[in-house]
Structure formats: C-alpha cells, structure tokens
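So the structure is just underneath, and the comments pick up after that.
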Amino acid sequence: MSQVTLVKRQFGHRARLALSPAEALRTDGQAHAARTMWNLLHAWWQMMPKEKRTLGHADAAVRQARKDIGFLAVLPAQAAQAVLKTYFQAWKNCWEGRADAPNFKGRLRTVMSVDVPQGRDLNIVRVHRRWGMANIPKVGRLRFRWTKDLPVGKHAGVENRITGARLVKDALGWHIAFRVQSVEVKPEPHQGPEVGIDVGVTVPLALSDGETYEHGEWLTEKEKARLLHLERRAAQRKQHRKPGERTSRRLHRTYDQIAGLRAKAKRRALDWQHRTTTAIARTYGTVVVEALTITNMVKSARGTIEEPGKNVAQKSGLNRFISGEAWGRTVTMLTYKTARLGGTLHKVPAPGTSRRCSACGFTTPGNRESQAVFVGKNSDCGWSGNADHNAARNVLHLYRMGLALIPAAGRAVVRCAKRVKPAAAR
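According to the numbering used here, the sequence shown holds residues -7 to 418 in order.
See the structure below:
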C-alpha cells in the first residue's frame, strides 16, 4: 500500500464586497487611519536614533499615538500592529536588496487597504449560493461574493482554515482577500511533455510544439472611444485649473471613470492569463521560459539633452505593449501552477533565441526577416517558418543542453541597490 504524502499549502482568494454607503465610509476611515499610521511610523523612524529603532519602542509609539490622536482609534489594535509589522518587514526587504527603502504614502497614489490578522475574528458564514458574510472589526458584518468554497464551519480545522484577510480598494470597489491554509495530497510528478515558451507582443505566447495562445483587445471599440474621450476631458479640465488650486469634483469624477475602464481591462487580462497558464500547467510537465529583465526592456529611449534618444515615440509604444502583456505575471502564475500539479518551471538565458535557427543552429541577425517570418541564411539548411515558434524551440533546446539558470542555495540571487546603504539605514 503506497504512502500518501500531505503538504501544507497557503493561497489567497479574492472576493468582491457589497458595502452600504455607511459601511464604505467606515472602511475608508480605517484605510486612511492605516495610511496615517504608516506615515507616523516613518516620521518616528527618521527622528529616532539608530539604537532606538526597535520593534518594542515602535510598538510603544503606536500605542501612544492611538491614545493621543482621536481618529486613529477607528483602526483596530490588531490592524495597527499589522501596519507596524509590515513597516519593519519593508525595511528588512530594503536591507536585503529586494526592494527600495520605505517612504511616505500619499493620499491619492496609495492603494487603500486594511489588514485583519486573525482569521477567527472574521466569523465567516455562507448565507446564500452566491453570497457570504464576514465580520470586520469596527465595521460590522459585510457581504461578499461567494465564488469559491472556503474552509469554514464543519469544513474548517487546525490544518484547513482561514488565517486572516485583507481589505483592498481598487477602481472596481472594495474587495476582501482571504489567506487560506490547507493540507493537500502531494502531487505525483507530472508525466506531460516538455515545452519551451516564447513571449512576444504580436503573439503573446508561442510554444515549441506549434501551439499559440492569443487574445484580442482588452477593451471594445466603444470602450476605447469612451476612454479616449474621458482622457481628453480630464486634460482639458486640468488646463483650466490654476496653480495650487484644489482638484474639482468633476475632475475627480473623470479620473474615477478612467480608472474604472482601465481596471476592467486589467481584470479581463488577468482572466485570460489565469485560463491560459492553467491549461499549460495541466498539459505539460516541464515548462521552459526565458529569463527576461523586463525593467530594462521598458526603459525610456528619451536620452539626455546632450545625447537625445532616437525613435522615442516608437520605443514608448513598444514599452506600453510590453507592460500591457505583463510577462512577469504570466511567469509567476506558471511557477506556482506547475508546482501545484507536479510539474516544474525552468528559466534559460534569453540572448540569441530569436536569431538562432532551431534546425541547424546557425545564428545571425539576418535570420529573422520580420516580426513573424524566420528564414535561415545557412545555405545547407534553408529552414523557414514562424519566428516565434522558432524562438520557443530554441528556448527548449537551451534547457535540454543543461543551460537552465540555477539560483544559488535554492533561492534567487539578489544584490543591494547602489542607492541604498544598509549600514547607514540601520
């Protein structure tokens, strides 16, 4: 009898909240209080000597601030502690080179969010096939869309339970993101074939076996016309605003409408990415992608006054297309979905994959005649075909040759940014 191996898995589930105007007002108040708490912590950090920047001293400062500043009391004590832990973790990420140093959070450019650290405070109940209810401290019982079974009631236990949640507001309204911990059977190794994937702008995903995954525009023609109209209206209203004058409610309303359309496009893109990556993870046992440095690929070509760039408008349009495809998010989804189904994902070096002939190995810049056509210049070979599929086959070839990138000590290799000085920051 074979022994079953159980593994503990943590994942998140996001659902839309249905709030009344009073509930939305209380939730907004908590989010603004959490942002203010972050800013007060950052000011305290900059003011205190290095030897006083400890978790204990910061906790005492947070408790005193909640007593002295009246509107901070709308934020529950546990949510305030979550802000404190997040702030210290931000500095730790900075010291280890994974992120920039923390900074003040502005009122308009910051994502509004409130953390509920304890899952037992939620008291989740399913009241309808489509709706559930959760208790949010100092807000009340809130309804949310029930789109996925959650470990609540008799289905919850020590191993399968909700450990906490986070309220997040975007252009589509307030959402609740549950943190779920569950124990599942460890999947058997995936017996599917190997596949290489080439990402692009014209063809979003091209596979080495000839399969392609494409999508249309994220917005319809009517929605794109509406978005262009709103952007022009916002630009016109912004021109009539005097320097230092507060933004009018009409302009704020226009900005909200623009954000709503862009959020709709992003939601459709996420849906396509989830469905596509799930299909790939179920079909293939080994997935190979290029190790792309996307931040360098989308840098501006504007240049400087002394050395102005060339083809700036074309490069700006290409950067928008690359950012819109969100290649990094696709790779992230493939990483955890292949692991969940017993497969593996590998990365190989990207240079040369689009110029190499997958049939004979001859490499020259002239092989790729256009965006879609590849014609080998080797007279002994003469292979021609789709350029994206050719690149995908080269990606798979690099993996089979043993050129997959292996991170040191089983984790990604990071280095501290030059602008950050860990010794001085601590």
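Backbone N, C-alpha and C fix where the C-beta goes; we use that ideal spot for every residue, glycine too. The structure presented is a predicted model; accordingly, all values stated were derived computationally and were not measured.
Alpha-carbon to alpha-carbon, residue j and residue i
{"i": "residue 207", "j": "residue 163", "result": "23 angstroms"}
{"i": "residue 396", "j": "residue 280", "result": "9 angstroms"}
{"i": "residue 167", "j": "residue 3", "result": "16 angstroms"}
{"i": "residue 52", "j": "residue 223", "result": "47 angstroms"}
{"i": "residue 228", "j": "residue 103", "result": "26 angstroms"}
{"i": "residue 220", "j": "residue 140", "result": "36 angstroms"}
{"i": "residue 33", "j": "residue 95", "result": "10 angstroms"}
{"i": "residue 73", "j": "residue 54", "result": "8 angstroms"}
{"i": "residue 0", "j": "residue 6", "result": "20 angstroms"}
{"i": "residue 193", "j": "residue 318", "result": "10 angstroms"}
{"i": "residue 226", "j": "residue 270", "result": "39 angstroms"}
{"i": "residue 12", "j": "residue 59", "result": "29 angstroms"}
{"i": "residue 255", "j": "residue 159", "result": "17 angstroms"}
{"i": "residue 288", "j": "residue 311", "result": "10 angstroms"}
{"i": "residue 10", "j": "residue 169", "result": "14 angstroms"}
{"i": "residue 153", "j": "residue 179", "result": "21 angstroms"}
{"i": "residue 355", "j": "residue 237", "result": "59 angstroms"}
{"i": "residue 35", "j": "residue 268", "result": "45 angstroms"}
Whole-Å CB distance - residue i paired with residue j, under 8 angstroms assumed
{"i": "residue 273", "j": "residue 326", "result": "6 angstroms"}
{"i": "residue 334", "j": "residue 182", "result": "4 angstroms"}
{"i": "residue 156", "j": "residue 108", "result": "6 angstroms"}
{"i": "residue 19", "j": "residue 131", "result": "6 angstroms"}
{"i": "residue 211", "j": "residue 205", "result": "Not a contact, Cβ separation roughly 20 angstroms."}
{"i": "residue 341", "j": "residue 390", "result": "7 angstroms"}
{"i": "residue 41", "j": "residue 129", "result": "Not confirmed; about 35 angstroms, so no contact."}
Limits of the unbroken beta strand (DSSP E) element including residue i
{"i": "residue 133", "result": "132 to 137"}
{"i": "residue 126", "result": "123 to 128"}
{"i": "residue 339", "result": "336 to 340"}
{"i": "residue 282", "result": "278 to 282"}
{"i": "residue 377", "result": "376 to 378"}
{"i": "residue 103", "result": "Segment: none, residue 103 is in no beta strand (DSSP E) and carries neither H nor E."}
Same chain, Cβ closer than 7 angstroms to residue i, neighbours up to 5 away in sequence not counted
{"i": "residue 275", "result": "184"}
{"i": "residue 336", "result": "278 and 330"}
{"i": "residue 31", "result": "96 and 97"}
Span of the alpha helix (DSSP H), counted from its first residue to its last, around residue i
{"i": "residue 316", "result": "304 to 317"}
{"i": "residue 21", "result": "13 to 39"}
{"i": "residue 54", "result": "47 to 60"}
{"i": "residue 150", "result": "Per DSSP, residue 150 belongs to no alpha helix (DSSP H) and is neither H nor E."}
{"i": "residue 81", "result": "69 to 87"}
{"i": "residue 286", "result": "286 to 289"}
Cβ shell of residue i (< 6 angstroms), same chain only, five flanking positions each side left out
{"i": "residue 91", "result": "85"}
{"i": "residue 345", "result": "383, 386 and 387"}
{"i": "residue 200", "result": "187, 188, 384, 385 and 388"}
{"i": "residue 8", "result": "137 and 167"}
{"i": "residue 338", "result": "280, 391 and 396"}
Cβ shell of residue i (< 8 angstroms), same chain only, five flanking positions each side left out
{"i": "residue 406", "result": "Interpretation of residue 406 is limited by its pLDDT of 41, a score under 50 that renders its predicted location unreliable; no figure is taken from the coordinates."}
{"i": "residue 286", "result": "314, 319 and 320"}
{"i": "residue 417", "result": "Only weak support is given to the placement of residue 417: the predicted model assigns it a pLDDT of 40, under 50, and the value that follows is read from those uncertain coordinates. If we look at residue 417 and ignore the five residues flanking it on each side, its Cβ neighbours are 83, 86, 87 and 93."}
{"i": "residue 258", "result": "210"}
{"i": "residue 143", "result": "149, 152, 153, 154, 172 and 174"}
{"i": "residue -3", "result": "177 and 178"}
Minimum Cβ-Cβ distance from residue i to chain D less than 7 angstroms
{"i": "residue 173", "result": "Protein chain content of the structure displayed is limited to a single chain, and chain D is not contained in it."}
Runs of beta strand (DSSP E) lying entirely within the stretch 159 to 203, each at least 3 residues, in chain order:
Taking only runs of at least 3 residues, the beta strand (DSSP E) segments lying wholly in the stretch 159 to 203 are 165 to 177, 186 to 191 and 197 to 199.
With a floor of 4 residues, list each alpha helix (DSSP H) that falls wholly inside the stretch 232 to 263, ordered by position along the chain. DSSP runs (the alpha helix (DSSP H)) wholly in the stretch 232 to 263: none.
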